[in-house]
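Residue numbers (full-length UniProt numbering): 1 to 627. Here is the structure we will look at.
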Amino acid sequence: SLSLSLYKPVPRTAGPRPSVSGRRQRESHRPPLSSSGSGRPQRAPPPCTAGGCEPLRKSGSTRPGKPSEMTGEPEGEVAEGDLRSAVAAALASLPPPHAIRDLLSVGVCVRCIFRMFRIRGHAYMCSKLNASVLWSVMEESKILSSTSEENGVLPHGSSSCSYTSQEAESQQLYCCICLGILQFTYNYEQETFRAPLARDCIDGFTVMLAEQIMREGHQIDGFCLEISIPPVILANERAIWLYVKKKYESENWFRENSLMDYISVKDVLKLSISSFLEKHLAVKVGISSFRVRLAFTHLKALMNLQSLLENAQVSKRRKTEKISHIEVEDLNHGIGKEYGKQAKNESDAVIRRTLNGLPDDVFCEHFLLPPEVKEPCLLTTICYRMPIYVGGRYLKFSRQVSQTRWIIDDERMGEASVEEIIGSNVLLVCKGDSYKFHAAGREDIDVRMLGSGRPFLIEVSNARSMLSSADIHEIVDKINGSENKYVKVRNLKVIGSEAWTLMHEGEAEKQKQYAALVWISRPLTEEDQQKITSTRDMEISQRTPIRVLHRRSPMDRKRIIHWMTAEKITGSCHYFVLHLCTQAGTYIKEFVHGDLGRTHPSIGSILGCRAEILQLDVTDVKMDCFD
């Protein structure tokens, strides 16, 4: 990981919007500006609704288009005056200047101060939201002069009332609550983010994030943001709250605020970057199968937190002489190689419960008030699409093709598999990472699948292409037009994930029809045919067949034979074609020959002779799926 050097981008002039890559090259050569330079941050959507800062969701079409169409607002960026107006509107909810100065001096960033006091609005989206701007707006609003005497500070205009450049430079580099997340100052896992970024540079960060998304090659019509943050932020929030409480609980402004009710880091970050990403990607944020996951981790801070919580738990047990049921050892879950991606949700829940269970005095004994942060988070960015499902029915015409890939001792059984023939063609067009094959039941390698076909699903992971009707026709043509003619598909289409559940729910209720070539040890008579044809809804008992006993649990299964007919073969009295309809899960081969008495009754026992099955075809699978 590489710590980022700092620069400040110059404001853009009006004109055509350059490409993402062009902006990135131009920004990397911009000279630094003074803090008084005017930035033009992106205009924000309406403020979050009351009761919490909800993740940004915009209704309407997710059809790609111009940025103005995507955001519903004019193209271009908001003037600095709008930022100052937003900050001025927030002042009524903020603490007095001496408390703000104190929070800034201990390393709390402006965005965290805003969310501590539940400030809502589009100020979060402005790159220029920093301590200097906040203090400048406070001076303009004459808040400093009106509160100077009651809080023991000098009158307005003296140096003590101004937030000096020296104070800004001495401020802790990384926020002691959010670990730099809301300052857009991180270490990056991907090479994509090696270019230097200015602190608080939202636009520069989202430009590079958009470049990475496009480099992944996904075809998108919208996106959903997923954010995971280090659980240590929960401890940092409590530490700052206790710090403020200790110093200011006697003051009126503190008694009127409940600082534990923060707006979350996740919600503020989503609000800060969503419209910028919409602009750069020209699609809208919202409910989408395409996800952009920002995983922030801080392994050193987590391990330190674990140690502190262990000590705090010991101290708590000494004081209360009770053993807590929350074991901090559970926090080990997720630490190690896999934690490089993100701490598990259950670990976060354990930390939250443990922190909530600590009394304030125990917490203060073991945690720094305020906390110190010496290095930023590690950011890992993952772009992926939720699995897509392509379903239909397949027909199998070869007795040398298995349903799924079949390897024994590194040797392939059969010439091919239905799974590979269909799955490889779907994966090629979808440009996904991998696929899984699901079917409504299965047939043996030597059994053909005829009639209307067997329902199946192909689950494709992280597909980069969104399948169109033309793509579906291309897949069907490739499979059905292959030279070997092993497999064909019909009714192929893109379906929702609910079809997987419906298909498997219908498995137990479906009926299946078969045609079997049967040999018996004596000539077939008309009386035999009558016995077979007269059978209706006959219940049979099948003990687990010997041939599958190595992979199936030994048990007796009750199955229904709904109907049967026997068709004579001209010129042969010992052979006939048995047509039958059975309950799903019936072992047809064993029903014919009896499996040494493990299936009863059987064709052999009904006819009173030896019976053997020579060939078997599935002629229909009666299900509503993909008809």
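Built from N, CA and C at the ideal position, the CB exists for glycine as well. Because the structure is a prediction, the values reported are computed rather than measured.
In the DSSP assignment, find the alpha helix (DSSP H) that holds residue i and state where it starts and stops.
| i | result |
| --- | --- |
| I229 | Looking at the DSSP string, I229 is not in any alpha helix (DSSP H), and its letter there is neither H nor E. |
| W406 | Run containing W406: none; DSSP gives neither H nor E here. |
| C609 | Run containing C609: none; DSSP gives neither H nor E here. |
| K270 | V265 to L281 |
| N491 | Element bounds for N491: not the alpha helix (DSSP H) but the beta strand (DSSP E), V487 to I495. |
| I388 | No alpha helix (DSSP H) holds I388; the beta strand (DSSP E) holding it covers I388 to K396. |
| A131 | A131 to E140 |
| F591 | I588 to H593 |
| V476 | S469 to N480 |
| L104 | P97 to S105 |
| G286 | Segment: none, G286 is in no alpha helix (DSSP H) and carries neither H nor E. |
| F254 | N252 to R255 |
Given that a residue counts as buried once 16 or more other Cβ atoms are within 10 Å of its Cβ, and exposed if not, what is residue i?
| i | result |
| --- | --- |
| N425 | buried |
| C377 | buried |
| C178 | buried |
| T533 | exposed |
| R84 | buried |
| H218 | buried |
| Y570 | One point to set straight first is that residue 570 is Thr, not Tyr, in the sequence displayed. Per the 10 Å Cβ criterion, exposed. |
| T525 | exposed |
| P96 | buried |
| C573 | exposed |
| T404 | exposed |
| T501 | exposed |
| L596 | exposed |
| H298 | buried |
| E505 | exposed |
| K512 | buried |
| V621 | buried |
| C625 | buried |
| D203 | buried |
| N236 | buried |
| G481 | exposed |
Helix, strand or coil for residue i? Go by DSSP, reduced to three states.
| i | result |
| --- | --- |
| S324 | Per-residue confidence for S324 stands at a pLDDT of 41, beneath the threshold of 50, marking its modelled position as unreliable; the derived number appears in the next sentence. Three-state DSSP puts S324 in coil, outside helix and strand. |
| residue 688 | The structure shown has nothing for residue 688, since the chain only spans 1 to 627. |
| P74 | Reliability fails at P74, whose pLDDT of 35 lies under 50, so the model's placement of it is uncertain and the value that follows must be treated cautiously. Coil, per DSSP. |
| S452 | strand |
| I540 | strand |
| K431 | coil |
| A210 | helix |
| A123 | helix |
| T185 | coil |
| F223 | strand |
| E375 | coil |
| K512 | strand |
| D446 | coil |
| H600 | strand |
| R118 | coil |
| K245 | helix |
| H504 | helix |
| R399 | coil |
| E310 | helix |
| L616 | strand |
| A463 | coil |
| A239 | helix |
| I458 | strand |
| L83 | helix |
Between which two residues does the beta strand (DSSP E) harbouring residue i extend?
| i | result |
| --- | --- |
| K436 | S434 to A439 |
| residue 676 | Outside the modelled stretch of the chain, which goes from 1 to 627, sits residue 676, for which no answer is possible. |
| F363 | Careful: F363 lies outside any beta strand (DSSP E), inside the alpha helix (DSSP H) at D360 to H366. |
| A295 | F290 to T297 |
Does the beta carbon of residue i come closer than 8 Å to any beta carbon on chain C?
| i | result |
| --- | --- |
| R352 | Of the chains in the structure shown, none is chain C; there is only one protein chain. |
Touch check for the stretch 463 to 478 and the stretch 428 to 442: three-plus C-beta pairs under 8 Å? yes
Would you call the stretch 225 to 233 and the stretch 472 to 483 touching, i.e. three or more CB-CB distances under 8 Å? no
Counting Cβ pairs closer than 8 Å, one from the stretch 532 to 541 and one from the stretch 561 to 570, do we hit at least three? yes
Please confirm if the stretch 398 to 411 is in contact with the stretch 353 to 361, defined as three or more CB-CB distances below 8 Å between the two stretches. They do not touch, by the three-pair rule.
Ignoring anything shorter than 3 residues or poking outside the stretch 515 to 577, list the beta strand (DSSP E) runs there in chain order. 536 to 543 and 556 to 569
Tell me, please, whether the stretch 245 to 261 touches the stretch 490 to 503 by the rule of three or more beta-carbon pairs shorter than 8 Å. no
For the pair the stretch 284 to 295 and the stretch 123 to 142, tell me if three or more CB-CB distances fall below 8 Å. The stretch 284 to 295, when compared against the stretch 123 to 142, does not touch it at the 8 Å Cβ threshold.
Is the stretch 383 to 395 touching the stretch 117 to 133 in the sense that three or more CB pairs, one from each, lie closer than 8 Å? no
Does the stretch 263 to 271 come into contact with the stretch 201 to 220, if we say contact requires no fewer than three beta-carbon pairs (one atom in each stretch) closer than 8 Å? Counting C-beta pairs with one atom in each stretch, the stretch 263 to 271 and the stretch 201 to 220 have fewer than three that are closer than 8 Å, which means they do not touch.
Three CB pairs or more closer than 8 Å across the stretch 393 to 401 and the stretch 447 to 454: yes
Sufficient close CB pairs (3 or more, under 8 Å) joining the stretch 367 to 374 to the stretch 277 to 284: no
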